[in-house]
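Going down the list, the protein sequences come from chains H, B and D.
Residue numbers for the first sequence follow this note's numbering, so the first one is 96 and each next one is one higher.
Residue numbers for the second sequence follow this note's numbering, so the first one is 879 and each next one is one higher.
Residue numbers for the third sequence follow this note's numbering, so the first one is 69 and each next one is one higher.
C-beta atoms are modelled at their ideal positions from N, C-alpha and C, and glycine is treated no differently.
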Amino acid sequence: MTGSIKRPKTVIGLDGAAAPGVKKADPILVIDNVTRQFGGLTAVDVDHLEIPRHAITALIGPNGAGKTTLFNLLCGFDKPNSGTWAYDGTNLAGVPSFKVARMGQVRTFQLTKALSLLTVLENMKLGAPGQRGERFWTSMLPWLWRAQESEIEAKAKELLVRFKLDAKEQDYAASLSGGQRKLLDMARALMSDPNLVMLDEPMAGVNPALTQSLLDHVLDLKERGMTVLFVEHDMHMVRHIADWVVVMAEGRVVAEGPPETVMDDPAVIDAYLGAHQDVDLGVVTGRVAGELDTSAIQLLDEIEAATEAAAEGEPERRGEEEQK
Amino acid sequence: MGSTTPMVRPRRKWQVLFIAVILAAVAVFASVFAAAGSARAEESPDGQTVTDFVVKGFITFEEKPLEGVKLSIEGNGFTGETETDAEGAWTLYVPEKAEYTLTVDESTLPDGVIVADGAEKEVAFKLTNTVRINMFLGEGERMTESFADQLLVRISNGLQFGLLLALAGIGAALIYGTTGLSNFAHGELVTWGAFVALVFTSFWSLPLWAGLIAGVIGGAALGLALDAGLWRPLRRRGLGVVQLMIVSIGLSLTLRYVIQFFIGGGTFQLEGANMAPMKFGPISLSWVDIISIIVCLVCIAAVAYFLTRTRLGKATRAISDNPQLAAASGINVDRVIRIVWVIAGMLAAVAGILWAYYRPGITWNMGTGMLLLIFSAITLGGLGTAFGALVGSLIIGLVVEVSTLFGVPSDLKYASALVVLIIILLVRPQGLLGRKERLG
Amino acid sequence: MNFLSILNDAASYLLQPTTLAFALAATGLAVHFGFTGLLNFGMAAFMALGAYGYAISIVSFGLPWWTAMLVGMLAAAVFAVVMGIPTLRLRADYLAIVTIAAAEIVRYLFLTESFTEYTAGSGGLSGYARAFIDASPLAALPSDMKIGFGPFSYTPSQLSTILFGLFMLAIAILLVWALMRSPWGRVIKGIREDEDAVRSLGKNVFAYKMQSLIIGGVIAAVGGIVWVMGSATSPGLYTTSTTFQIWTMLLLGGAATIFGPALGAVIYLVAQSFLSGLLSGMAKAGMLPFTDSQAKVLVLILLGLVLMLIVIFRPQGILGNKRELTFVK
């Protein structure tokens, strides 16, 4: 049962300080040197990233950071230009998406993919793996798959009850509201008892009334032993339920860490708020050769000051001053 | 971290190798058994080994039998020869039912006599063990052309055909680019131009120039009418692309039968269609051909200028690229699409008139057969790009004409263009000039 | 103008081999497009492969009729695989163009003089009808006997082909019904709407599309066989016009329904026969300002308009459910 009880965050065991690419004690996904280019644009360029098991990891970053592209790569919906990633030790680079799904890694989509021309119950039944009735030759002989179908139906109904969609069982999915479709997507993804659930912007387009319910369901997944990786823009959700946050910008991972500290990382704030929009962050951080102009030098000074203050133990809330 | 198992499929390579080995083994066995089945030692009067499989016939000239004509047969690793007897009869024995080539030694024929359709004939066995080939010869001339000459002729034909295909294709590509519609009625737009010209000249007896202008205006008018009466209202209604495609199929059927209603099943000619050609080396072109090529080039240049230099043309390309963005930047999308349809209608009509001179002949379904070639051309070049349509059309035109030189029977030459299309889609689905991400 | 004979002719189309054949082809197309969403514009080729596979097996190789039928069906299945491998991964409009191209290539191959030894080229192939007629239980009856009544009276050999056609149609419809209400059918309907969603649930979408292509193609091939079983086949039967007629019948009856395709075929052919007969009769009697051959063309014009109107105003056809359609926005 879900509820609004505050649940404790999972502490992620690390092999070093929280920085981009840090190794985790028990990773379910290990990503190495993945790049994806579209024409001349590099959408994704990740050196090393590990996703911890039995935890909820959030993948955040401004628009165009490459989050959804990385997501699509990991789920097999896109092929990388280079790189590999290992899921439980098996290299998944280049493996087609349906095979990835069969291995226990499922995903939902930002624009819900509830099949509106099927009923809610049929949608759910579609999610079950290994159905005898789905094979061409056996499908024509109903007595071969009837029993399994009943089992699947029972499991589907159980999940629908959990997600409070059972009343809508026989309705076409087209008649559900946006938030209900999100719930249906999530419920359907659970039919295959996955290990890793990847949610692409689960809160997008959901009305605030359903947000809490959705959050509780995600927390529930962790309780039941699954690992969750989700892409989100909604910072409240991230702060509320994420155990670990990975921040991307311009295709690279710029920060990693627990939600409380990552939010205050200056690079993260800049990536989002563009406090120094006119500054070439590439030049400032030394990635790109170039001249520092006045605002860049100003920024460098501020960062230095903040770092010194933090080292001296005074929490310098730079972010609060800069934010409107 | 832990060991990673590469998800490569080495098994498939082994499966292919295994199958190849099996096939090779089967081939070896088969040939061993075939060779082992040797014939009896019986001999015919002229020293051939008699077998059950016979190729025989008569050779006569002006109804008189020809004696002493040498024939030879070759195929499947076997050769044999014989001569005709006093009755003009000859018999050749072959070891098995296979395909052979029979050659008449024309030097053993009387002076001036040749085998009109070629001294080499294909021999293929049917259900029985005997093949009869009779040759009733006459005098005749045969012009032999070198391969290079024939190639030049074919290339010139191919380019000419490709150019007029390009006129139709560019219009179809612009329609696809701006509206996403695969216009199955485009072939009928081509026929329409020729049809209108025909009506004005032959049926209403107006001078040729009037008919040609009427044809072009007719094409523009049809394009306008279709967008105004059908496509824009349907776009407003919000019909999906697949629905529009099927509507265009219905339109294609309707238009072609309307044209058939008025001109029936016969073939008509425009004035000047049978002009005597002039020779430029091995290539023969009439004035009509030359004018047609010039017209094509002028039209294509005009379209190119329109697309790259005028505001309207750039707007067209913008819409092809990104309709929402174009609309948001203040481009009147509907107006541009209307103009695209008018231009496409005009170009198709010109193509139709030129096609009427090229074939030569106007029939109710002359454009219908061209539709698939148009689609092949624009897909080959890259869906949605006008320049791609030009390149694709030229290639298709060349393939259609030159393929006959490389062994493709002339009634299969259009099929060879379609085969090229399918191969390209296998290897490079976005076409030669298309961008990969357009695949959706 | 004999109104009664016009009506008689039209009514007879309810049970002609042509109607049964097109009902089968339309049912096959329903599997492809109605249920799976595949834009197959090459149905005529599947019919051609069935018919020629059947005819050539009997004429050139002397096989019994039921083996010949299996050959025809197998030819269609192989064609489906060959066509499917490159195209099922591509977008819908590519599939449409490639299927038309492939169908035309098949027609050219049957038309060309290069293979006349087997196909008899443009003249068409005949001489195989006896293989089935003689094997039928009705062969014992006198061959000029008429069974039935009114527009539905047939000689024993005609009746054999019609009963066979009805039987195959019943099996095909039953097969499609069983498939579409099974979990396999559920996956197919999901693919029709959104392939990526189905992929993300672990289903091999390519394999399902291929299976659908094969089964629809084989059903259409049986239709091709039924069409020419009692007479002769020729390449002119398998043009793109034939394919478009099948599409019209499918959309008329209801693209994603079980009985719609057959219903569409019946209505189309009966109406075509009636209108053709009526207008042609009226033209001959001088009641219309054009000739009777023009009248027949006029009917074809009307049918083209019918296709457009159906797609615009009632895309779900007669029996269809608008909510279940995916190609309608």
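H:D338 is the residue among H:A188, H:D127 and H:D338 whose C-alpha sits nearest the C-alpha of T356 of chain H. With respect to chain B, the C-beta atom of Q362 of chain D has a partner C-beta closer than 8 Å.
Beta bridge pairing from DSSP links K948 of chain B with B:E961.
A Cβ-Cβ distance of about 6 Å is found for the pair G1245 of chain B and G1230 of chain B, placing them in contact under the 8 Å criterion. Considering only D:M137, D:N108, D:T104 and D:L377, the residue with the shortest C-alpha distance to Y120 of chain D is D:M137. If you ignore the 5 residues before and after I1127 of chain B, its C-beta comes within less than 6 Å of the C-beta of F1062, all in its own chain and listed in chain order. M151 of chain D is not a Cβ neighbour of A289 of chain D, given a cutoff of 8 Å. 8 Å or more divides the Cβ of Y196 of chain D from the Cβ of V139 of chain D. Counting only residues of its own chain and dropping the five nearest sequence neighbours on each side, I283 of chain D has a CB closer than 7 Å to the CB of V99. Secondary structure of K119 of chain H (DSSP, three-state): strand. When only Cα atoms are considered, M111 of chain D and I1252 of chain B end up about 21 Å apart. Rounded to whole angstroms, the gap between the alpha carbons of T87 of chain D and F342 of chain D is 14 Å. Residue ranges of uninterrupted beta strand (DSSP E) with 3 or more members, entirely inside the region 124 to 184 of chain H and ordered along the chain, are 136 to 147, 151 to 155 and 177 to 182.
Segment contact: the region 971 to 984 of chain B against the region 941 to 956 of chain B, three or more CB-CB distances shorter than 8 Å; contact assigned.
Annotation: the continuous alpha helix (DSSP H) that includes Q1202 of chain B extends over P1201 to A1206. Distance from the CA atom of G96 of chain D to the CA atom of P1111 of chain B, rounded to whole angstroms, is 33 Å.
With respect to the C-alpha of L260 of chain H, the residue from H:R283, H:M343 and H:E244 having the closest C-alpha is H:R283. Burial of A1098 of chain B is indicated by the presence of at least 16 other C-beta atoms within 10 angstroms of its C-beta. Among the CB atoms of chain H, one or more fall inside 8 Å of the CB of W252 of chain D. Residue pairing by DSSP places V326 of chain H opposite H:L154 and H:D295 in a beta bridge.
Taking 8 Å as the cut-off, the beta carbon of M321 of chain H is found closer than this to the beta carbon of P289 of chain H. Residue D:Q313 holds the alpha-carbon nearest to the alpha-carbon of A333 of chain D among D:I256, D:L346, D:Q313 and D:S299. The beta carbon of S1198 of chain B sits closer than 6 Å to those of G1055, T1056 and G1262, all from its chain and outside the five residues before and after it, given in chain order.
When secondary structure is reduced to three states using DSSP, L1015 of chain B falls in the strand class. Under the Cβ distance rule, V1120 of chain B counts among the residues neighbouring chain D, one pair being separated by less than 8 Å.
Scanning chain D for C-beta atoms nearer than 7 Å to the C-beta of Q226 of chain H yields P251, reported in chain order. Assigned with DSSP and collapsed to three states, M343 of chain H falls in strand.
DSSP places L1163 of chain B inside the beta strand (DSSP E), whose first and last residues are I1161 to L1163. At a C-beta separation below 7 Å, Q1138 of chain B has these neighbours in chain D: V365. Taking the Cα of A405 of chain H as reference, the smallest distance to any Cα among H:D365, H:I364, H:D360 and H:E386 is reached at H:D360. Of all residues in the region 251 to 283 of chain H, those with a C-beta nearer than 9 Å to a C-beta of chain D are Y267, A269, D280 and R283, reading in chain order.
Per the Cβ contact rule, the region 196 to 212 of chain D is in contact with the region 221 to 228 of chain D (3 or more Cβ pairs under 8 Å).
The beta carbon of K104 of chain H sits no closer than 8 Å to any beta carbon of chain D. Residues are counted here when their Cβ sits less than 7 Å from a Cβ of chain H; for the region 271 to 288 of chain D these are K271, N272, V273 and Q279, given in chain order. When the beta-carbon positions are compared, R230 of chain H and D295 of chain H stay at least 8 Å from each other. Here W180 of chain H is buried. Its C-beta has 16 or more other C-beta atoms within 10 Å.
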